[in-house]
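Following full-length UniProt numbering, the numbering of the sequence shown begins with 1 at its first residue and continues without gaps. We treat Cβ as the ideally placed atom computed from N, Cα and C, and that holds for glycine.
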Amino acid sequence: MTTLPDQVKSNTAIVLVPGSFSPTSFYTHVVRILSQQGFEHISPTPLLSACPPSDLRTPPAKLEDDSLYIREVIQAHLSKGRDVVLVANSYGGFPSTEAISGLPSRASLTTGSDSTQTGAVVGMIYLSSFVPLPGDSIRNVMAEYLFEPLKTGAKGEYMTLPEGSGPGIFKDTAFTNEAQIQAWFETMTRHSSDSFDGQVKNDMWSEGENGFKGRVVYIAGDNDDVVPIALAQSMINKVEEISGKKDVVKYIQIEGGGHGMHLSRPEVVVKAITDVLEGL
Numbered sequence: 001m002t003t004l005p006d007q008v009k010s011n012t013a014i015v016l017v018p019g020s021f022s023p024t025s026f027y028t029h030v031v032r033i034l035s036q037q038g039f040e041h042i043s044p045t046p047l048l049s050a051c052p053p054s055d056l057r058t059p060p061a062k063l064e065d066d067s068l069y070i071r072e073v074i075q076a077h078l079s080k081g082r083d084v085v086l087v088a089n090s091y092g093g094f095p096s097t098e099a100i101s102g103l104p105s106r107a108s109l110t111t112g113s114d115s116t117q118t119g120a121v122v123g124m125i126y127l128s129s130f131v132p133l134p135g136d137s138i139r140n141v142m143a144e145y146l147f148e149p150l151k152t153g154a155k156g157e158y159m160t161l162p163e164g165s166g167p168g169i170f171k172d173t174a175f176t177n178e179a180q181i182q183a184w185f186e187t188m189t190r191h192s193s194d195s196f197d198g199q200v201k202n203d204m205w206s207e208g209e210n211g212f213k214g215r216v217v218y219i220a221g222d223n224d225d226v227v228p229i230a231l232a233q234s235m236i237n238k239v240e241e242i243s244g245k246k247d248v249v250k251y252i253q254i255e256g257g258g259h260g261m262h263l264s265r266p267e268v269v270v271k272a273i274t275d276v277l278e279g280l
């Protein structure tokens, strides 16, 4: 296990962004382990596009709303001098990639281009997530994988996952309790259809060259049916091809891992975070 200096843990904020239809409580196990290890600033950050039936926003939030909110959370930490590691699951990779654009990096701070903020975004972890290119949306990236009603959607409306989706979403060799899987599925929310049409305008690698210094991680599970291994590897290959940079993303494949490894294997997520911070 990586042992980080107390100063790093007290001066680093971990921002955790869930996937579509998902509550921040899916990060509970990750938060618990991080807290036990001494991290003081942990921000599970809800998606505005994911709403329980009792709190539906009108009109439903779009991708841009999610990215602006995530950006505000990050900026609040940066303004207090904290470095930030951003973790995004599934759909969360879209607004998170958009949210980091132009935020302070270690390089910009070294050159003194931003004297009002002393924190920097130092790492990005895509957890069974999407690594979008400019112009990408969930619906065009997932065209051959989405099922209805997610594939077509309904403008200005919310989507609900079909009953019985739990075993597919939480397909993981570490999950053996069907009742627990159903309980997790029942905590999932409705999600804005419009957010799936939102297109990102920015990329990750331009920020990564100076801000992350290679500290971008993709965690894939070979049992994931939502973002299959073939799709995950295809996204990373496209990043390398378009950016002209090899090894932009550190790829970690977890045997038996599914789409909800923050629930099934929180130690994998925590290790990725501490590895990113090692040597800073």
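query, result
"Have a look at S25, H41, T58, V121 and flag the residue whose alpha-carbon is nearest the alpha-carbon of V276.", "V121"
"Skipping 5 residues on each side, what residues in its chain have a beta carbon closer than 6 angstroms to that of P23?", "T187"
"Which ranges would you report for the alpha helix (DSSP H) in the region 18–91 if only whole runs of at least 4 residues count?", "28–36, 63–78"
"Nearest by alpha-carbon distance to S96: which of V216, D225, P228 is it?", "V216"
"Starting from K250, trace the beta strand (DSSP E) in both directions and tell me its first and last residue.", "250–254"
"Would you mind reading off the limits of the beta strand (DSSP E) that contains R265?", "Note, R265: premise wrong, no beta strand (DSSP E); not H, not E."
"Quick one, which of S43, S234, R57 has its alpha-carbon nearest R71's?", "S43"
"From this set, V17, N11, S35, Q7, which residue's C-alpha is nearest E267's C-alpha?", "S35"
"Would you call the CB atoms of F130 and Y91 closer than 8 angstroms?", "yes"
"Assign K246 to buried or exposed, taking buried as 16 or more other Cβ atoms, counted over all protein chains shown, within 10 Å of its Cβ.", "exposed"
"Which residues share a DSSP beta bridge with I14?", "I42, V85"
"Does the count of Cβ pairs from the region 146–163 and the region 248–261 closer than 8 angstroms reach three?", "no"
"Does R190 come out as helix, strand or coil in the three-state DSSP assignment?", "strand"
"What are the start and end residues of the beta strand (DSSP E) that includes I125?", "121–127"
"Under 6 angstroms Cβ to Cβ from S252, same chain only, skipping five residues before and after it: list those, please.", "Checking the sequence shown, residue 252 turns out to be Ile, not Ser. If we look at I252 and ignore the five residues flanking it on each side, its Cβ neighbours are I219."
"Between which two residues does the alpha helix (DSSP H) containing G168 stretch?", "166–169"
"So is A232 buried or exposed if we call it buried at 16+ other beta carbons inside 10 Å?", "buried"
"Taking DSSP as the reference, what is the three-state secondary structure of G221?", "strand"
"Alpha carbon to alpha carbon, how far is N11 from T189?", "33 angstroms"
"Using only alpha-carbon positions, find the residue among R57, A76, V227 that is nearest to D194.", "R57"
"If G221 sits next to H191, beta carbons under 8 angstroms apart, how far is it from one beta carbon to the other, in whole angstroms?", "Not really, about 21 angstroms apart at Cβ, beyond 8 angstroms."
"Less than 7 angstroms between C-beta atoms, sequence neighbours within five positions excluded: which residues of the same chain meet that for V200?", "F94, T97, E98, P132, P134, D136"
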